[in-house]
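Just add 257 to wherever you are in the sequence shown, counting from 1, and you've got my numbering.
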Amino acid sequence: MLIDAAARLEPEALRCPFPAYAELRERGVTFVEAANAWLVTRAEDVDAVLRDPETFSSRNAIGAPPIPPQSELARHVPFLLLSDEPEHAQRRKLVQRAFTPSRLARFEPRIRELCTALVDDVRGQTEVDAMAALAVPLPIAVITTVLGVPDEETASFRSLSEELAATVGNHSADPGEIVRIAKEFAALLAPSLEAAAAAGEDEDTILHTIAAAERTAGLPRHDSTRFVMELLIAGNITTTDHLGNSILLLARDPGLADRLRADPSRLSFFIEESLRLESPIQGLFRLTTRDTEVGGVAIPAGARVQVMYGSGNRDAALVERPDELDLARHRPSAHLAFGRGVHSCLGNILARLESRVALETLLGSIPRFELAVEPDQIDYLPSFVNRGPQELPLRLTW
258 MLIDAAARLE
268 PEALRCPFPA
278 YAELRERGVT
288 FVEAANAWLV
298 TRAEDVDAVL
308 RDPETFSSRN
318 AIGAPPIPPQ
328 SELARHVPFL
338 LLSDEPEHAQ
348 RRKLVQRAFT
358 PSRLARFEPR
368 IRELCTALVD
378 DVRGQTEVDA
388 MAALAVPLPI
398 AVITTVLGVP
408 DEETASFRSL
418 SEELAATVGN
428 HSADPGEIVR
438 IAKEFAALLA
448 PSLEAAAAAG
458 EDEDTILHTI
468 AAAERTAGLP
478 RHDSTRFVME
488 LLIAGNITTT
498 DHLGNSILLL
508 ARDPGLADRL
518 RADPSRLSFF
528 IEESLRLESP
538 IQGLFRLTTR
548 DTEVGGVAIP
558 AGARVQVMYG
568 SGNRDAALVE
578 RPDELDLARH
588 RPSAHLAFGR
598 GVHSCLGNIL
608 ARLESRVALE
618 TLLGSIPRFE
628 LAVEPDQIDY
638 LPSFVNRGPQ
648 ELPLRLTW
């Protein structure tokens, strides 16, 4: 099957996995040995799995086997992503109010400042790597701002979050290495959490929301650390990939960029289409809690299931002309990029805000940008979970 090459992380297959997804949608739910998982690729089936957390546990959402609750590693793994109900709902409620549109809107001026500064840094240059210049530095700067950690710690947090993200879906990841990285993360974060706890209710950042949960809900400090670590990774790596994918779509089609400059009201449609066509998370995992059936295919209890958002988003049963980018698509946000059900992405409002401001700044500041290499020279992350370019050489016209 075509999907085997992508599951083995072969660069050419990762560059364009979509024919493999189409083949799997024709087959239906299939066990793929190279991925060691049942792959769910049709939009209807993806939705059904995500909306049935009782049958499909999230305890292995990042691809690793479930972690014994009393192990040292359990104290350092994601706080929300790997939890099931009702614990997941209780944990999510602790921080959900920090991600409302009204609270996040307060950060828009700062996000715009960051975007403008990054574009100014390359002003006058004729060739740049858009990943290094914008897509990588912006998301970590934004999420650390929203969290409320000091600017001077941004580079360290970025490095650690990238190290941890590299273990997602990696069967050979060393648990001891994960613990080491997490302990470094905890030590780096401790002063900021202490400062947030001492400040009381006077500030309006996620750290202060979490500190309040420590006081009022008895949230243990090691769980606070796990929470922040998860938010940093989710708010950094996935947004970097989304920005890279979006800029690549525009660079491959300068006429599309011109249309957005001429009609900025279409930018929100472009962002949703980018999320759908080039989902930064191509698929996460679930563990069956009992014998079940998906799309008419029997799956035994204890099976590893990979729910392929990236495939479901290109299913003709979800949208018409699924492989086309349509700036007038009806219900453009009705895609699977942020998941569905109880584990739908907590930070989707922030991701959309950040993407809008970044692309407004880019399109408004640079009259023309295009790929400086052929599309088949763009290498993607060596991951069957995350999708984004590793480098993105652009040619700029000022």
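Note that beta-carbon positions come from the ideal geometry of N, C-alpha and C, so glycine has one too.
Bear in mind the structure is a predicted one, so any value in this text is a computation, not a measurement.
Which residues in the same chain have their Cβ closer than 6 Å to the Cβ of residue i, if we skip the five residues on either side of it in sequence?
i           : result
alanine 608 : Thr496
leucine 476 : Ala470
proline 589 : Phe526, Glu529
valine 379  : Val385, Ala390
serine 652  : Residue identity check: residue 652 is arginine in the sequence provided, not serine. Correct list, in chain order: Glu384, Glu627, Ala629.
proline 274 : Ala263
Got a sec, what are the start and stop residues for the beta strand (DSSP E) residue i sits in?
i              : result
glutamate 384  : 384-386
glutamate 283  : No beta strand (DSSP E) holds glutamate 283; the alpha helix (DSSP H) holding it covers 275-284.
isoleucine 435 : Looking at the DSSP string, isoleucine 435 is not in any beta strand (DSSP E); the run it does join, the alpha helix (DSSP H), is 432-456.
glutamine 347  : Not the beta strand (DSSP E): glutamine 347 falls in the alpha helix (DSSP H), residues 344-353.
isoleucine 556 : 554-556
leucine 544    : 541-545
glutamate 550  : 549-551
threonine 357  : Unbroken run through threonine 357: none, as it is neither H nor E.
Since residue i sits in a beta bridge, which residues does DSSP pair it with?
i              : result
tyrosine 637   : Pro646
threonine 654  : Arg625
serine 503     : Per DSSP, none; premise fails for serine 503.
arginine 561   : Leu544
alanine 294    : Val289
serine 314     : Leu544
isoleucine 538 : Asn643
Within the continuous alpha helix (DSSP H) that includes residue i, where are the two ends?
i                 : result
leucine 610       : 605-622
leucine 464       : 463-474
phenylalanine 526 : 524-534
alanine 305       : 300-307
serine 418        : 411-422
isoleucine 319    : Taken as a continuous stretch (DSSP letters only), isoleucine 319 belongs to no alpha helix (DSSP H), as it is neither H nor E.
arginine 367      : 365-378
serine 601        : No alpha helix (DSSP H) contains serine 601, which DSSP labels as neither H nor E.
Would a C-beta distance cut-off of 8 Å place residue i and residue j closer than the cut-off?
i                 : j              : result
leucine 351       : valine 406     : no
alanine 398       : leucine 417    : no
threonine 462     : valine 393     : no
alanine 305       : valine 551     : yes
arginine 349      : leucine 337    : yes
leucine 505       : arginine 613   : no
glycine 569       : alanine 277    : no
isoleucine 528    : serine 503     : yes
glycine 567       : glycine 604    : no
glycine 512       : glycine 645    : no
valine 599        : histidine 345  : yes
arginine 561      : alanine 294    : yes
phenylalanine 626 : alanine 519    : no
phenylalanine 542 : isoleucine 260 : no
leucine 593       : valine 303     : yes
glutamate 487     : proline 335    : yes
serine 531        : valine 376     : no
leucine 517       : valine 485     : no
threonine 618     : arginine 363   : no
Can you grab the Cα-Cα spacing for the pair residue i / residue j, in whole Å?
i                 : j                 : result
leucine 544       : valine 385        : 43 Å
threonine 482     : phenylalanine 414 : 13 Å
isoleucine 438    : glutamate 420     : 8 Å
proline 557       : aspartate 341     : 19 Å
isoleucine 490    : arginine 547      : 31 Å
aspartate 572     : glycine 381       : 42 Å
leucine 534       : valine 576        : 11 Å
glutamate 311     : leucine 281       : 25 Å
isoleucine 494    : serine 315        : 20 Å
leucine 616       : proline 650       : 17 Å
alanine 263       : alanine 270       : 5 Å
arginine 367      : proline 358       : 15 Å
arginine 272      : histidine 499     : 15 Å
phenylalanine 356 : arginine 265      : 36 Å
aspartate 633     : proline 268       : 10 Å
phenylalanine 595 : glutamine 353     : 16 Å
threonine 373     : methionine 258    : 46 Å
leucine 450       : glutamate 283     : 50 Å
aspartate 408     : alanine 452       : 15 Å
Please go through the same chain and pick out, in chain order, the residues whose beta-carbon is closer than 8 Å to the beta-carbon of residue i, but skip the five residues on each side of it.
i             : result
alanine 454   : Ala468, Glu471, Arg472
glutamate 648 : Asp386, Met388, Ala389, Ile635, Asp636
alanine 456   : His465, Ala468
threonine 411 : Ile397, Ala398, Thr401
alanine 610   : It should be noted that the sequence gives leucine, not alanine, for residue 610. The residues are Leu361, Ala362, Phe364, Glu365, Ile368.
Quick one: is the Cβ of residue i within less than 7 Å of any heavy atom of the ligand COA?
i             : result
aspartate 341 : The ligand COA is absent from the structure shown, which contains no ligand whatsoever.
Closer than 7 Å by C-beta to residue i: which residues in its own chain qualify, once you throw out the five before and the five after it? Chain order, please.
i                 : result
proline 624       : Thr654, Trp655
arginine 308      : Arg597, Gly598
phenylalanine 288 : Trp295
alanine 514       : Leu507, Leu620
aspartate 583     : Glu530
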